[in-house]
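Participant:
There are 2 protein chains.
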Amino acid sequence: MSVIVVGSMAFDDIETPFGKSNKIIGGAGTYIAYAAANFVQPVQQVSVVGYDFPAEELEELRRRGVETEAVEIVPDRKSFFWAGKYHLDMNTRDTLVTELNVLGDFKPVIPESYQGADFLMLGNLAPSVQLSVINQLTKRPKLIVLDTMNFWMDIALPELEDVISKIDVLLVNDSEARQLTAEFSLVKAAKKILTMGPKYLIIKKGEHGALLFHENQVFVAPALPLEEVFDPTGAGDTFAGGFIGHLAKTGDISFESMKTAIIVGSALASFCVEKFGTTRLKEISKEDIHQRVQQFRELTNYQAELS
Amino acid sequence: MSVIVVGSMAFDDIETPFGKSNKIIGGAGTYIAYAAANFVQPVQQVSVVGYDFPAEELEELRRRGVETEAVEIVPDRKSFFWAGKYHLDMNTRDTLVTELNVLGDFKPVIPESYQGADFLMLGNLAPSVQLSVINQLTKRPKLIVLDTMNFWMDIALPELEDVISKIDVLLVNDSEARQLTAEFSLVKAAKKILTMGPKYLIIKKGEHGALLFHENQVFVAPALPLEEVFDPTGAGDTFAGGFIGHLAKTGDISFESMKTAIIVGSALASFCVEKFGTTRLKEISKEDIHQRVQQFRELTNYQAELS
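Each protein sequence line maps, in turn, to chains A and B.
Sequence positions in the first sequence follow this note's numbering and run 126 to 432.
Sequence positions in the second sequence follow this note's numbering and run 126 to 432.
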């Protein structure tokens, strides 16, 4: 099955307590594509870059089964650029530079060759951009997954609520779930969000794992306890890519299948944070992924029943 | 098998965003005893109370299989009293009043009838008090579990390190694990603690569950996502009581058995927070516990393997 992935492709400059990355490839769409391409081809990428985005990066993505027909290259402008610095706890960061550049007036155009895709992954972007993609699809995908962030809740809440009403799975972190619903209890927040459109809600809690809500069911996914988180950038996007990649591979969008997809996403994210940027995602093999997923299974597995 | 439980028995006055408890029964030892007595008898209680502690509470504990021979009643002084107020997030609280009273010079005496116990649960108390109990036992228990808190790390670190060197399982929360080791990464903190004496380390993360470390193994236990946490007081003590209760019941102190014991402890704690104080712990039946443990199993259970 094919997956359409919509998201930024960009440059990042990241500083963590462990070092500085200098200018490297980043962007939600990039992370999602590298993660999803482990499970499904083609990944039909929708993005925009400037003249400065390396042709070799696009070539590397194509080599992995990512179609780049809808990656617009703007010849006279620069790619989106973000610079940030993580605090010691790695859960909070300061944005040092945001240069929107080509992303400022991104108007994605879905080509004919992408029509008919069963899966749509809308990476974190302006809700109006996410909505325009949904509106351009002649057949509604079997599953639409949307990632967003607090920024859009602050400046574009009506548009965000509009796009949220049209999707199947929402991905947010715990503080975003609270902000979106004005509920402190995540269970109450989840109940509210499940009345806003999505049938499934995933709340990402970083080092504390993730929660999946659906009707009255809940699944708790662990995070792998890591000795070091070297660079958390892109971990959420990588999670999303692994999640939709697994679902698209199996074609099964049941609650049960989503549980496994969350473990797969978490496993991919646990690789992502081991090195700067997409470095680790480019290195790992199917066997590495398989072993990591098995490691996740052992984390929460226990046999004994109460007597 | 019998379990010796050492811990405070006291009065609490608790304020949460949901209301005020007024003066109610509390104390680490009380919560531990109510939780553990669901699984094992006798629970051999070691504590100290004043003239004001209700005889009916001791009678209720005895009815549940808790021996109170070593619960000293000081006729002319008051019981330990703590008043506190929880913040909206329920993870932080302000102490409003601490009156040590009888707890200030608590010198536990282990009676002959308690000697030979296979399990020892040392609730949160001054490390010197915890140590004096270990030193009074003529036969070293099969398993010694110790709970402590940041307060003792601040004011009695050498004594705390001494008692930690003599135990098998340490219970702390995430910030305490970091404080004790000066390591931010919990995995690094755990590795250090496992060189300090304990063979097992449990890191409690409240609403994010708990981690069990042993050698190079790790187990991640979920917390039950709750709509409301009504009163978190005693949740950690209740967890400890359920944990040691299950181990003492089965007599099995393997890593595999501890996984189940952590789930049992988590299940008991999830009841504890539903009402003020020990109210809920006194209401629940074996069937309630069984169902809650089953609910925990479903939280992290997933079937599908990667194809």
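C-beta atoms are modelled at their ideal positions from N, C-alpha and C, and glycine is treated no differently.
These numbers come from a predicted model, not from an experiment.
Straight-line CA distance for B:Glu-423 to B:Leu-349?
Facilitator: The straight-line gap from Cα to Cα measures roughly 10 Å.
Participant: Quick check: B:Leu-295 and B:Pro-323, are their CB atoms within less than 9 Å of each other?
Facilitator: Yes, the Cβ-Cβ distance between B:Leu-295 and B:Pro-323 is below 9 Å.
Participant: Closer than 9 Å by beta-carbon distance: list the chain A residues that pair up with B:Gln-428, in chain order.
Facilitator: Correct list: Glu-381, Lys-384 and Thr-385.
Participant: Would you please verify whether the beta carbon of A:Phe-205 is less than 9 Å from any beta carbon of chain B?
Facilitator: No, A:Phe-205 lies away from the interface with chain B (no Cβ there is under 9 Å from its Cβ).
Participant: Please list the residues of the segment 329 to 349 of chain B that have a C-beta atom closer than 9 Å to any C-beta atom in chain A, keeping them in chain order.
Facilitator: Answer set for the segment 329 to 349 of chain B: Lys-330, Glu-332, His-333, Gly-334, Leu-336, Phe-338, Gln-342, Val-343, Phe-344, Val-345, Ala-346, Pro-347, Ala-348 and Leu-349.
Participant: Does DSSP classify A:Asn-73 as helix, strand or coil?
Facilitator: What is shown of chain A runs 126 to 432, which leaves residue 73 of chain A out entirely.
Participant: Quick check: what's the CA-CA separation for B:Val-234 versus B:Met-126?
Facilitator: Their Cα atoms are separated by approximately 21 Å.
Participant: Expressed to the nearest angstrom, what Euclidean distance is found between the alpha-carbon atoms of B:Thr-193 and B:Leu-183?
Facilitator: Each residue's Cα considered, the two are about 7 Å apart.
Participant: Which of the three DSSP states is assigned to B:Arg-265 in this structure?
Facilitator: Three-state result, B:Arg-265: coil.
Participant: With distances taken Cα to Cα, identify the nearest neighbour of A:Arg-189 among A:Arg-303, A:Val-165 and A:His-371.
Facilitator: Ranking A:Arg-303, A:Val-165 and A:His-371 by Cα distance to A:Arg-189 puts A:Val-165 first.
Participant: On a Cα-Cα basis, can you pick out the residue from B:Val-343, B:Gly-359 and B:Glu-412 that is closest to B:Lys-384?
Facilitator: B:Lys-384 has its Cα closest to that of B:Val-343, out of B:Val-343, B:Gly-359 and B:Glu-412.
Participant: Taking only runs that begin and end inside the segment 196 to 240 of chain B, name each unbroken alpha helix (DSSP H) of 4 or more residues, in chain order.
Facilitator: Correct list: empty.
Participant: Can you check whether the C-beta of A:Asp-272 is within less than 9 Å of a C-beta belonging to chain B?
Facilitator: So, not an interface residue.
Participant: Could you pull the start and end residues of the alpha helix (DSSP H) that B:Asp-293 belongs to?
Facilitator: Counting along the chain, B:Asp-293 falls outside any alpha helix (DSSP H), and DSSP gives it neither H nor E.
Participant: Taking just the CA atoms, how far does B:Ile-149 sit from B:Ser-338?
Facilitator: Checking the displayed sequence, the identity of residue 338 of chain B turns out to be Phe instead of Ser. Looking at the two C-alpha atoms, the distance is approximately 35 Å.
Participant: Is there a Cβ from chain A that is less than 9 Å from the Cβ of B:Ala-160?
Facilitator: No, B:Ala-160 does not count as interfacial toward chain A.
Participant: Classify A:Phe-143: buried if its beta carbon has 16 or more other beta carbons within 10 angstroms, exposed otherwise.
Facilitator: A:Phe-143 is exposed by the Cβ-count criterion.
Participant: Write down the C-beta distance between A:Asn-226 and A:Phe-205 rounded to the nearest angstrom, noting that I regard them as a contact closer than 8 Å.
Facilitator: Sure, about 5 Å apart at Cβ, within 8 Å.
Participant: Which two residues bound the contiguous alpha helix (DSSP H) that contains A:Gly-367?
Facilitator: Segment 360 to 375, the alpha helix (DSSP H) holding A:Gly-367.
Participant: B:Gly-209 and B:Ile-104 - do their beta-carbons sit closer together than 9 Å?
Facilitator: Residue 104 of chain B is absent from the structure shown; chain B starts at 126 and stops at 432.
Participant: Span of the alpha helix (DSSP H) holding A:Gly-390?
Facilitator: Segment 380 to 397, the alpha helix (DSSP H) holding A:Gly-390.
Participant: Who are the near neighbours of A:Gln-240 in its chain, counting only those whose CB is closer than 8 Å to its CB and skipping five residues on each side?
Facilitator: Around A:Gln-240: Leu-262, Thr-263 and Lys-264.
Participant: Determine the chain A residues that contact B:Ser-310 at a beta-carbon separation under 9 Å, and present them in chain order.
Facilitator: Going along chain A in sequence order, the residues near B:Ser-310 (Cβ under 9 Å) are Pro-350, Leu-351, Glu-352, Glu-353 and Val-354.
Participant: Expressed to the nearest angstrom, what Euclidean distance is found between the alpha-carbon atoms of B:Glu-340 and B:Ser-172?
Facilitator: Rounded to the nearest angstrom, the two C-alpha atoms are 33 Å apart.
Participant: Establish whether the CB of B:Leu-326 and some CB of chain A are separated by less than 9 Å.
Facilitator: So, not an interface residue.
Participant: Taking the alpha carbon of A:Ile-292 as the reference point, which residue from A:Lys-267, A:Thr-358 and A:Glu-353 has its own alpha carbon closest?
Facilitator: The residue with the shortest Cα to Cα distance from A:Ile-292 is A:Lys-267.
Participant: Rounded to whole angstroms, what is the Cα-Cα separation between A:Asn-275 and A:Val-389?
Facilitator: Approximately 25 Å between the Cα atoms of the pair.
Participant: Would you kindly check if the distance between the Cβ of B:Gly-152 and the Cβ of B:Asp-137 is under 9 Å?
Facilitator: Yes, the Cβ-Cβ distance between B:Asp-137 and B:Gly-152 is below 9 Å.
Participant: Does A:Lys-313 come within less than 9 Å of chain B when only Cβ atoms are used?
Facilitator: Chain B, which has a Cβ nearer than 9 Å to the Cβ of A:Lys-313, makes this yes.
Participant: Helix, strand or coil for A:Tyr-156, going by three-state DSSP, please let me know.
Facilitator: Reduced to three states, the DSSP call for A:Tyr-156 is helix.
Participant: Less than 9 Å between the C-beta atoms of A:Thr-363 and A:Phe-309, yes or no?
Facilitator: The answer is no: Cβ separation not under 9 Å.
Participant: To which residues of the same chain is A:His-333 closer than 7 Å at the C-beta, ignoring the five residues directly before and after it?
Facilitator: Within the same chain, A:His-333 has close Cβ partners Ala-348.
Participant: When DSSP labels each residue in this structure, what does A:Lys-148 get in the three-state scheme?
Facilitator: Residue state, collapsed to three classes: strand.
Participant: What's the call for B:Pro-236, buried or exposed, on a 16-neighbour Cβ count within 10 Å?
Facilitator: Exposed, by the Cβ-count rule.
Participant: By the three-class DSSP mapping on this structure, what secondary structure does A:Gly-331 have?
Facilitator: The answer is helix: DSSP assigns A:Gly-331 an H, G or I state.
Participant: Along the beta strand (DSSP E) that carries B:Ala-346, what are the first and last residues, could you check?
Facilitator: Segment 342 to 346, the beta strand (DSSP E) holding B:Ala-346.
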